[in-house]
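The structure appears right after this line, and notes come after that.
Number of protein chains: 2
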Amino acid sequence: MKIPKPTDAELEILQVLWEHGANTVRFVNEHLNEKKETGYTTTLKLMQIMHGKEMLSRDDRNRTHIFDAAVKEDDIQKELLDKFLDATFRGSASKLVMHALGNSQTSKEELDQIRQLLDQLEGGK
Amino acid sequence: MKIPKPTDAELEILQVLWEHGANTVRFVNEHLNEKKETGYTTTLKLMQIMHGKEMLSRDDRNRTHIFDAAVKEDDIQKELLDKFLDATFRGSASKLVMHALGNSQTSKEELDQIRQLLDQLEGGK
DNA sequence: TTTTTGTTACGAAACATTTCGTAGATATAT
DNA sequence: ATATATCTACGAAATGTTTCGTAACAAAAA
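Chains as they are written, first to last, in this note's numbering: chain A, 17 to 141; chain B, 17 to 141.
Below is the structure:
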């Protein structure tokens with residue numbers, strides 16, 4: 017089964033559902049509105065399209081439908097990252113990593129975690 | 017001066033120019049064709065649009081124009097990475113880095129370089 | 001009961017991006 | 001000199017994505 021690449025607007029909706037779990041259109045719409053004014057029916061239409069693509073599941077036993085992400089966060093992140101890495105960094109993961117760490121404020125704990133992963137990877141070299 | 021976010025097709029053209037330096041439409045088009053069939057005038061039109069946006073410079077002293085990237089690779093990568101990080105990983109750089117290193121085959125030299133950066137970053141914590 | 005509010009469905013408009021076709025000019029080959 | 005190939009310019013079609021408006025119905029409030 018092929019995972020379709022979500023569009024920008026679809027990804028925003030997936031983020032809300034991944035973060036907060038199954039929810040209504042209204043809930044999702046209100047979250048989106050915190051970042052950017054979005055009409056209710058716009059969000060509804062997108063979620064219906066996503067359901068059509070089997071990107072979202074839907075419980076329609078009650079009048080107010082409950083939607084949930086039907087694709088795994090990790091899978092989508094991996095898919096998008098692969099494409100982004102190629103398109104933007106010509107496949108150089110280290111360049112991307114250097115940029116990412118250079119910019120952001122990442123906690124000591126997270127840096128340690130990355131260091132552990134490095135140890136693990138370099139173990140085999 | 018505002019850097020406009022390049023579209024996917026525009027980014028592919030920038031990659032060719034960043035990698036190979038100033039060149040003709042034909043050269044760029046032939047490179048793009050290695051990955052995906054693209055009509056000559058399609059590439060031409062895109063490069064004209066990009067020139068209009070000041071994303072490319074153009075030397076039109078001769079009939080065959082020579083185009084070059086007018087935006088810095090690092091700047092565009094930073095801009096795109098920031099947006100990608102927010103949209104896809106909700107801003108968690110460490111999660112992105114773990115994914116990126118987990119997937120790819122990165123050389124020992126590159127891993128060491130990343131480790132150095134970690135040392136440097138953790139120095140201040 | 002009647003009105004108001006909230007919900008889904010969905011066509012169509014609006015907008016963004018990519019692709020193509022044609023005209024006109026210049027260079028190159030015959 | 002003529003034909004052929006190559007190049008730019010650019011409008012417009014094709015495609016993809018997002019937003020909006022309206023209809024139909026159900027629920028809740030007055």
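Every residue gets a Cβ at the ideal spot worked out from N, C-alpha and C, and that includes glycine. Note that the coordinates shown come from a computational prediction; the quantities given were computed from them, not determined experimentally.
Does any residue of chain B have a CB that is nearer than 7 Å to the CB of residue i?
i, result
"A:L127", "yes"
"A:V44", "no"
"A:Q93", "yes"
"A:E153", "In this structure chain A extends from 17 to 141, so residue 153 of chain A is not present and cannot be described."
"A:T58", "no"
"A:L72", "no"
"A:I130", "yes"
"A:A103", "yes"
"A:L62", "no"
"A:V113", "yes"
Between residue i and residue j, which are expected to be in contact by the criterion C-beta below 8 Å, what is the C-beta distance as a whole number of angstroms?
i, j, result
"B:T59", "B:V41", "6 Å"
"A:T57", "A:L48", "About 13 Å; that fails the 8 Å criterion."
"B:A116", "A:L97", "6 Å"
Establish whether the CB of residue i and some CB of chain A are separated by less than 7 Å.
i, result
"B:F100", "yes"
"B:H36", "no"
"B:A116", "yes"
"B:T54", "no"
"B:T23", "no"
Measure from the alpha carbon of residue i to the alpha carbon of each residue in the options, then state which is nearest.
i, options, result
"A:I29", "A:K69, A:D84, A:P20", "A:D84"
"B:N119", "A:K124, A:Q121, A:D91", "A:D91"
"B:K99", "A:V113, A:D24, A:Q136", "A:D24"
"A:K69", "A:K52, A:E126, A:K111, A:I19", "A:I19"
"B:K111", "A:L62, A:V32, A:N39, A:E89", "A:E89"
"B:M63", "B:K51, B:L33, B:N78, B:E50", "B:L33"
"A:I130", "B:L101, B:M114, B:Q121", "B:M114"
"B:T122", "A:E126, A:T122, A:K52, A:G139", "A:G139"
If you draw a straight line from the alpha carbon of residue i to that of residue j, how long is it in whole angstroms?
i, j, result
"A:F43", "A:H81", "11 Å"
"B:K124", "B:E35", "24 Å"
"A:D128", "A:L134", "10 Å"
"A:R74", "A:L27", "17 Å"
"B:K52", "A:R79", "47 Å"
"B:R106", "A:E126", "15 Å"
"B:D76", "B:N45", "18 Å"
"A:A103", "B:D102", "17 Å"
"B:Q132", "B:K61", "44 Å"
Below 7 Å CB to CB, which residues in the same chain sit around residue i once its five sequence neighbours on both sides are set aside?
i, result
"B:P22", "L30, M71, I92"
"B:E95", "I19, K21"
"A:M66", "E26, I29, L72"
Could you pull out every residue in the same chain whose Cβ sits closer than 6 Å to the Cβ of residue i, ignoring the five residues on either side in sequence?
i, result
"B:Q136", "none"
Please go through the same chain and pick out, in chain order, the residues whose beta-carbon is closer than 8 Å to the beta-carbon of residue i, but skip the five residues on each side of it.
i, result
"A:G37", "D84"
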